[in-house]
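Peer 1: So the protein lines, in turn, are chains P and X.
The letter at position 340 of the first sequence is residue 1802 when you use our numbering, and the numbering goes up by one with no holes.
The letter at position 142 of the second sequence is residue 144 when you use our numbering, and the numbering goes up by one with no holes.
This is the structure, below, for whatever I ask next.
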Amino acid sequence: MNLSNIFAFRFKSIQSLFVAGIILLITIASIPLLLTGTFIINTITSEFGNEILHKELNSLIEPITLRYKILERIGLEDSQIHLNEIKTNAINDLRHYQYRKTGSIFVISRNGATIFSKELSAHDASSLNSLLTQFKDTQKMIEYHNATTRRIAVTQYFPYWNAYIGLAMDKKELFAPRDLFIIISLTVLIFMLFFASLCTLPIHHFIITPILRLANYADQLSEGNLQAHLSGTFILELATVKKNITGMVNTLINREEKYRAIYNAPRDAIVLHEAGTGRFLEANEAIEAMYGYTREEFLDLTIGDISSGVPPYAMEEAEKKIRQLKYVDHLRFEWQGKKKNGQIFWVDVSLRPFFHDNQPGVLSVVRDIDDQKKAAENLAAEKEQLAITLRSIGDGVITADNQGSVILVNKIAEKLTGWSQQEAAGQTLDNVLRLVDTKNGTPITNPAWEALSTGSHIELSGNVSLIAKDGSKREIADSAAPIFDISSKIVGVVLVFRDVTEKLRLEKEVLKIQKLESVGVLAGGIAHDFNNLLSAILGNINLVRRELEKNSHPYALLAEAEKASHRARYLTQQLLTFSKGGEPLRESANLAEIINDNAKFTLRGSNIQYTLQTPDDLWQVNIDPGQIGQVIQNIIINSRQAMNEDGGYIEITAENCCSCTSNKILSSGCVHVTIKDNGPGIPANILERIFDPYFSTKQKGSGLGLAICHSIIQKHDGILVVESPPGKGTHFSIRLPVSHTISPPQTASENIAIASKKQLHILVMDDEQMLLNLAQEMLTVLEHSVETASNGSDALNLYQKAMETGNPFDVVIMDLTIPGGMGGKEAGTRLLQIDPRAKIIVASGYSNDPVMADYQNHGFSAMLIKPFLLSELKEVLAAIYHQ
Amino acid sequence: MNKTVLTIFFLLTLVLPVQDVQAKGKRVVFIRYQIPISHFSTVMDGFKKTMTILGYEEGKQIEYIDILTRSADKSSIPDILDAVTEWKDKADMIITCGWVTMPAREILKETKTPQLFVPTLKSVARIILPSMTEQPGTNISGMYLMYSPEKILRLASLLVPGIKRYAYVYNSNIPADMIFKSAYEQLAFAGRHDINIHFLDLAMGVNQVLRKLQKRDIQAFGGIVGSFQKRQELAASNLPVITSFTLDIETADLQKYVQEGNIVAGLFNPFRYCGEQAAEMTADIFNGKLTIEQTVPRPARQVAFINLKAAGRLNMQIPFAALESVDIVIK
């Protein structure tokens, strides 16, 4: 019989289990008692035995020690005779001593020599040394073997003999009580086991056999045989148990029928799974309607067979979810199922762990939600579309319920209010959309409330600002409209608003520009008239000076007046430039003079020193001197205003540069002008903005000065940059292209000489009689014959008549602008139609007028900027004549 | 004629073997000094008797030369030196008793003749040999007496509880007394048992000593040779004498010497025992078992006694611990 058979035999019935249990119980109860008792007795015997033996040994050694002590009292401790006598007598006494039946004394010297022993003399040297090692621990009881028995001993070191004195006895004698206890205990145990075995016979007949029958009956019930019959005799409580069980079975039959009806009633499929594999164990009848499989077919399938197979709706994911039930008590999810006919449909699956036949299982309830799912998807798509639409609108949109609680905030509204959708949802409208009067900052009632109360569309009047979450303020245009449900009941409000800050700013800027243009036009008009007046003043001064001695005082005074007139002419040019922003009238010029004049002029009356360093061979540049002068003035004005009243220092340099930049135009050579001041410099954060129009750090600054500079330099194909190293003031750098059309160095006298070679017949057209007179005077001085016309029509008539009379005009000088009449531009065109060879000089105070800047393309032979000097007139005439 | 010749031959046969034995026997020279009671005669007796037992019968296997100095003090030193000089090359063993050992040693250390001191104080023996428990490695060994000053003071503190002043009474003319005085002087503090030791010299006169004993409020005193000689005069001090005897007193004779005087307790070494032990050592050397260099010195037998008679006279209560400790109680 192998071990498995024994095991099977033992637990084949309650009877054998009972017998085994009784034996085990007795054994379990007895053995620990026996072992504990034995252990306790053993311990007590050891401890007390050790103590008693030590005491006994001490009682033997103490008198001997006393004898030695007595010797010491009187100084005989070194008397060998006395010492020998004590030792001899003591050993003799010890030799005859016997403790109980087997106890005796032994004495072994510390070096291992046996002084005397009845038993240890049989030990060899090695075992004796081993014992000697144990003797050194005089607190313990030592155990050893002699020839016949097992001995125990206690020892004490005796210094007078340099030896160990030991008291030894048979272990058996010392532990005799323990052995007696074990024998008695075992006898009682065997008797108890025998008695217990006898008791099992009646127990078997009256208790165990009926219980076994009950167990057998229960087995049949558990196998589903509810019709099983229970027979035999049952006594006492077992009879009651029998009655109760049969009653329970009847109840169970009734309930089983009821629960099965309930189980199959719902439309939801109910499936029991094996926990580990997910294998189907049971399914209700609804499974057939849902999947198309019969119950029997279904139980042979796997979860994979009834899943769509589209990831993640496959077997692997299903197993994963079943495994998750180890950690949660309930799991619900949607699943894509597959019917027997292959149709894919959505189901709602609810999983719950349960125990079936003491095995862990999973209960799943499956509901067909295909229709519901499709409806939800459609609804979600519509909702998503609506949300996307709302969030994509370019205006800010906020919707709120009828209590003013925010529901939706679109992206623009998020940006304008600073509230995200998540933050704003549930907040009141007044929190999210804080409106104030732009002018005085007082709060404004949100139009949403009015829309909600009145049910009508409300628009905000102007001057409304929105305070964003971060405190920033921007002007908005806002409107609110109520939201109605199907029954026309107000269910909420929608606010639509947009940021009009930039729009208003632009409108203001346009207005400003328009104003500036108006001012510019006005300035241009004044400049034009002023130019005409200057032309008369400058021309007449010019003529008078011709009549005077060069060294005379009046000549010098008129020279100063002429110079002032020139300055006035430049001012008008600046006015004109500012007013129209026109193209520069380029000419080849030396920058050194322009820089010096403008710097000196600008810094007049200030405490600011300046230096100008230029090489002698500074290249000519092709510039509009007036505009570049304006640039120099604006930059220096900027420096002057930046420096305090205690003065400062401006260092200006101009130098030739062969190829200073990658700029195509400048790469062939430029003049580099640097203007450095020792002022406070420009903060880095505004450095890049100083050329922006209307940007100014000064309270009364127009913000146009440096913008004009930048514009002028750009129109000259140059570069203007600014740097402001910390603590080193401001450095402006200007690069202007070098002039490659160097004007012939003709002097006025030479031009005059050339012009005087021929007496010309010249027609002058100007609406100002004063200027006509002056022109006539000048040309007469130059020995030319002159006729005048006050407008273009008269000029054309005169020209045609002169041609017809055979005395045509050699040159025609036309004013570009004739108020209320034909100006130079039209008259010149028509004149050239009459006489394509006509030489026409266009004259105007609008130096930056496009016609003046590009006079050749308009058919003119030359141009004169009013006011002009006699020498300039002569020079122009000479040039035409030369042509 | 023939009868005469035969008689002469017979007489010669009687005489010649004696002469032969004497010629082959060992010669042992005893040098001892005059010291009561018996001038070390008990040492000689014990020696001779033991030698006889061990097979050295006097006049046959062994010859004894006994030299006794004229006095007990330093005046005897020339006698000692003469005797050693005479016998240093002719003796098989020279036995010196007491302080005689020291001057004799000065000559014998240059020879190979074995020398035994029988006995000397242990303090004296230590001057000659470095150890009393190891082989000497030179031509001297012997028996030493062990009544050190520390033991006497220990006995005094046992008998006179709380004693603070003890006097050592000596005679500065007696080398033995001076040697013992030196031992007292060199006694370590721990060995004095909290007793202040006073040194009183009998050479200044007994009366002077008695006055000092009284003036210094001495509680007990002792000595060896000098004080023993003046024991009856010193009894007038009525102070207990706790001492040691370096005398050749035997146990049987002890009672006789302590009948009178104030000797309450003491230690002594029976000299006969020393003679017997010296004989064993000598026999071993003569028998070739050991050489003198290998012969380890031996201690004398020590005996402690209490004289209840003297204690009674002085009204002293003797503690039981003292009574149970001693060998002899004189009632």
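The beta carbon of each residue, even a glycine, is placed where N, CA and C say it ideally should be.
Is DSSP giving S1566 of chain P helix, strand or coil here?
Peer 2: Reading the first sequence from its first residue, position 104 is the one you call residue 1566 of chain P. DSSP places S1566 of chain P in strand when its eight states are reduced to three.
Peer 1: So which residues on chain X does R1535 of chain P lean against when the C-beta distance must stay under 8 Å?
Peer 2: Within the first sequence, residue 1535 of chain P is the residue found at index 73, counting from 1. R156, L160, A323, A324 and S327, listed in chain order.
Peer 1: For a cutoff of 8 Å on Cβ pairs, would you count Q210 of chain X as touching chain P?
Peer 2: Residue numbering aside, residue 210 of chain X sits at position 208 when the second sequence is read from its first letter. Not an interface residue.
Peer 1: Residues of chain P with CB under 9 Å from P301 of chain X, in chain order?
Peer 2: Position 299 of the second sequence, counted from the first residue, corresponds to residue 301 of chain X. The answer, in chain order, is D1540, S1541, Q1542 and I1543.
Peer 1: Answer yes or no: does any C-beta atom of chain X fall closer than 8 Å to that of I1532 of chain P?
Peer 2: Your numbering for residue 1532 of chain P matches position 70 in the first sequence. Yes, its Cβ sits closer than 8 Å to a Cβ of chain X.
Peer 1: Expressed to the nearest angstrom, what Euclidean distance is found between the alpha-carbon atoms of G2268 of chain P and M2227 of chain P?
Peer 2: Translated into positions along the first sequence, residue 2268 of chain P becomes position 806. Translated into positions along the first sequence, residue 2227 of chain P becomes position 765. If you take the alpha carbons of G2268 of chain P and M2227 of chain P, they lie about 20 Å apart.
Peer 1: What does L269 of chain X reach in chain P if we use C-beta pairs closer than 9 Å?
Peer 2: In the second sequence, the residue the question calls residue 269 of chain X occupies position 267. Those are I1536, G1537 and L1538, listed as they occur along chain P.
Peer 1: Which chain P residues are close to A192 of chain X, counting only those with a beta carbon under 7 Å from its beta carbon?
Peer 2: For the purposes of this step, residue 192 of chain X is taken as the residue at position 190 of the second sequence. The premise fails here: A192 of chain X is roughly 14 Å from chain P at the closest Cβ pair, so nothing lies under 7 Å.
Peer 1: Whole-angstrom Cβ separation of I199 of chain X and Y170 of chain X, contact assumed at under 8 Å?
Peer 2: As a working mapping, residue 199 of chain X is identified with position 197 in the second sequence. As a working mapping, residue 170 of chain X is identified with position 168 in the second sequence. Going by Cβ atoms, the distance from I199 of chain X to Y170 of chain X rounds to 6 Å, so yes, they are a contact pair.
Peer 1: Assign R1794 of chain P to one of two classes, buried (16 or more other C-beta atoms within 10 Å of its C-beta) or exposed (fewer than that).
Peer 2: Against the first sequence, residue 1794 of chain P aligns to sequence position 332. R1794 of chain P comes out exposed.
Peer 1: Give me the residue from P:T1695, P:L1683 and P:Q1786 with the minimum Cα distance to I2390 of chain P.
Peer 2: The shown model of chain P, from 1463 to 2345, leaves out residue 2390 of chain P, and the question about it has no answer.
Peer 1: So, is the C-beta of K153 of chain X closer than 8 Å to a C-beta in chain P?
Peer 2: As a working note, residue 153 of chain X is residue 151 in the second sequence. Interface residue, yes.
Peer 1: Taking the CB atoms as reference points, tell me whether S1769 of chain P and K1800 of chain P lie closer together than 8 Å.
Peer 2: Locating residue 1769 of chain P in the first sequence gives position 307, where the first residue counts as 1. Locating residue 1800 of chain P in the first sequence gives position 338, where the first residue counts as 1. Taking 8 Å as the Cβ cut-off, S1769 of chain P and K1800 of chain P qualify as a contacting pair.
Peer 1: Interface residues of chain P around M283 of chain X at Cβ under 8 Å?
Peer 2: Counting from one through the second sequence, the residue named residue 283 of chain X turns up at place 281. Within chain P, no residue comes near M283 of chain X; the closest Cβ sits about 14 Å away, beyond 8 Å.
Peer 1: What is the DSSP secondary structure of S1647 of chain P, counted as helix, strand or coil?
Peer 2: Position 185 of the first sequence, counted from the start, is the residue given in the question as residue 1647 of chain P. Helix at S1647 of chain P.
Peer 1: Three or more C-beta pairs closer than 8 Å, one from the region 1614-1624 of chain P and one from the region 1515-1531 of chain P: is that the case here?
Peer 2: Yes: the two stretches touch, three or more of their Cβ pairs being nearer than 8 Å.
Peer 1: Taking Cβ positions, are L2020 of chain P and I1999 of chain P nearer each other than 8 Å?
Peer 2: Indexing the first sequence from 1 puts residue 2020 of chain P at position 558. Indexing the first sequence from 1 puts residue 1999 of chain P at position 537. No. Outside cutoff.
Peer 1: For T1550 of chain P, which of helix, strand or coil comes out of DSSP?
Peer 2: Working through the first sequence from its first residue, we reach residue 1550 of chain P at position 88. DSSP places T1550 of chain P in helix when its eight states are reduced to three.
Peer 1: Which residue wins for smallest C-alpha separation from L236 of chain X, given the options X:I251, X:L215 and X:D255?
Peer 2: Reading the second sequence from its first residue, position 234 is the one you call residue 236 of chain X. Ranking X:I251, X:L215 and X:D255 by Cα distance to L236 of chain X puts X:L215 first.
Peer 1: Taking 8 Å as the CB-CB limit, is T148 of chain X close to chain P?
Peer 2: The count along the second sequence starts at 1 and reaches residue 148 of chain X at position 146. Reading off the sequence shown, one finds Met at residue 148 of chain X, where the question assumed Thr. True, the Cβ-Cβ gap to chain P drops below 8 Å.
Peer 1: With respect to the alpha helix (DSSP H) encompassing P1728 of chain P, which residues constitute its N-terminal and C-terminal limits?
Peer 2: As a first step, residue 1728 of chain P is located in the first sequence; it is residue number 266 there, counting from the start. Premise fails: P1728 of chain P is in no alpha helix (DSSP H) and is neither H nor E.
Peer 1: For the region 266-274 of chain X against the region 137-149 of chain X, do three or more pairs of beta-carbon atoms, one drawn from each stretch, fall closer than 8 Å, so that the two count as touching?
Peer 2: The region 266-274 of chain X is in contact with the region 137-149 of chain X.
Peer 1: When the distance is taken between beta carbons, is L2258 of chain P closer than 8 Å to V2248 of chain P?
Peer 2: Here residue 2248 of chain P refers to the residue found at position 786 when the first sequence is read from its first residue. Here residue 2258 of chain P refers to the residue found at position 796 when the first sequence is read from its first residue. Going by C-beta atoms, V2248 of chain P is not nearer than 8 Å to L2258 of chain P.
Peer 1: How would you list, in chain order, the residues of chain P whose beta-carbon sits under 8 Å from the beta-carbon of A306 of chain X?
Peer 2: Position 304 of the second sequence, counted from the start, is the residue given in the question as residue 306 of chain X. Those are I1536, G1537 and L1538, listed as they occur along chain P.
Peer 1: So what does T2115 of chain P bridge to, in DSSP terms?
Peer 2: Locating residue 2115 of chain P in the first sequence gives position 653, where the first residue counts as 1. Partner(s): P:Q2075 and P:T2136.
Peer 1: So is A2215 of chain P buried or exposed if we call it buried at 16+ other beta carbons inside 10 Å?
Peer 2: Looking up residue 2215 of chain P in the first sequence gives position 753. Because A2215 of chain P sits at a pLDDT of 44, beneath the cut-off of 50, its placement in the model cannot be relied upon, and the point is left open.
Peer 1: Can you name, in chain order, every residue of its own chain whose Cβ lies under 8 Å from the Cβ of K1549 of chain P, other than the five neighbours on each side?
Peer 2: Locating residue 1549 of chain P in the first sequence gives position 87, counting from the first residue. Closer than 8 Å at Cβ, skipping near neighbours: Y1622 and W1623.
Peer 1: Measure the CB-CB distance between V1958 of chain P and V1811 of chain P and report whether it falls below 8 Å.
Peer 2: Position 496 of the first sequence, counted from the first residue, corresponds to residue 1958 of chain P. Position 349 of the first sequence, counted from the first residue, corresponds to residue 1811 of chain P. Not a contact, by the Cβ cut-off of 8 Å.
Peer 1: Can you find the residues in the same chain that come closer than 8 Å, C-beta to C-beta, to S184 of chain X, ignoring five residues on each side of it along the sequence?
Peer 2: Translated into positions along the second sequence, residue 184 of chain X becomes position 182. So the list reads S125, once near-sequence residues are dropped.
Peer 1: What does a CB cutoff of less than 6 Å around P2207 of chain P pick up in its chain, not counting 5 residues either side in sequence?
Peer 2: Walking along the first sequence from the start, residue 2207 of chain P turns up at place 745. Note that P2207 of chain P scores a pLDDT of 41, beneath 50, so its modelled location is shaky and nothing firm can be said.
Peer 1: I'd like to know whether the C-beta of A25 of chain X is nearer than 8 Å to at least one C-beta of chain P.
Peer 2: Here residue 25 of chain X refers to the residue found at position 23 when the second sequence is read from its first residue. Confidence at A25 of chain X is low in this model, with a pLDDT of 41, below 50, so its placement is unreliable and the value that follows should be read with caution. Not an interface residue.
Peer 1: Work out the CA separation of A1723 of chain P and P1672 of chain P for me, nearest whole Å.
Peer 2: Here residue 1672 of chain P refers to the residue found at position 210 of the first sequence. Here residue 1723 of chain P refers to the residue found at position 261 of the first sequence. Near 36 Å, if we compare the C-alpha coordinates of A1723 of chain P and P1672 of chain P.
Peer 1: Identify every run of the alpha helix (DSSP H) within the region 1807-1857 of chain P, keeping only runs that are complete inside it and at least 4 residues long; order them along the chain.
Peer 2: As far as the region 1807-1857 of chain P is concerned, its whole alpha helix (DSSP H) runs of at least 4 residues are 1832-1854.
Peer 1: Leaving out five residues on either side along the sequence, give the residues of the same chain with a beta carbon under 7 Å from the beta carbon of R2292 of chain P.
Peer 2: Numbered from 1 along the first sequence, position 830 holds the residue referred to as residue 2292 of chain P. The residues are L2258.
Peer 1: For S1579 of chain P and H1607 of chain P, what's the separation of their Cα atoms in angstroms?
Peer 2: Residue numbering aside, residue 1579 of chain P sits at position 117 when the first sequence is read from its first letter. Residue numbering aside, residue 1607 of chain P sits at position 145 when the first sequence is read from its first letter. Cα-Cα distance, rounded: 14 Å.
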